[in-house]
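Mapping the sequence shown onto the working numbering, position 10 (from 1) lands on 10, and the numbers just tick up by one. Encoded as structure tokens, the structure appears first; notes follow it.
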Amino acid sequence: MFKASLAVSLSGIIALLTVNLSFGVMTRAAPQLNIFSLGFSFALLVGLLLCWYIVHGLYTHYDIYWQEAEEQVCRLIRLNC
């Protein structure tokens with residue numbers, strides 16, 4: 001189950017890390033501009049867009065892992081499912 005949750009959330013984590021790193025580079029390149037005042041709202045917007053994008057592909061992952069979990073429960077209690 002940890003692999004499943006990591007597979008679903010890893011794309012969002014990497015994208016937000018990239019956004020934060022790019023804002024850090026921009027702040028270092030132009031210190032007179034206050035990039036971090038825009039950075040928080042932009043990171044929030046990117047996070048919401050990623051959530052919207054990920055939800056579309058979430059059902060296929062959910063369905064696959066639900067079937068695997070159901071099979072494991074059937075094996076655990078020794079039922080023919």
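The beta carbon of each residue, even a glycine, is placed where N, CA and C say it ideally should be.
Rounded to the nearest angstrom, the Cβ distance from L16 to G47 is 6 Å, consistent with a contact under 8 Å. Here L50 has S11, G12, A15 and L16 as same chain residues with Cβ atoms under 8 Å from its own Cβ, once five neighbours each way along the sequence are excluded. A contact is defined here as three or more CB-CB pairs under 8 Å, and the stretch 3-10 meets this definition with respect to the stretch 54-63. Assigned with DSSP and collapsed to three states, Q67 falls in helix. Between E68 and the set G57, C81 and A30, the nearest pair of CA atoms involves C81.
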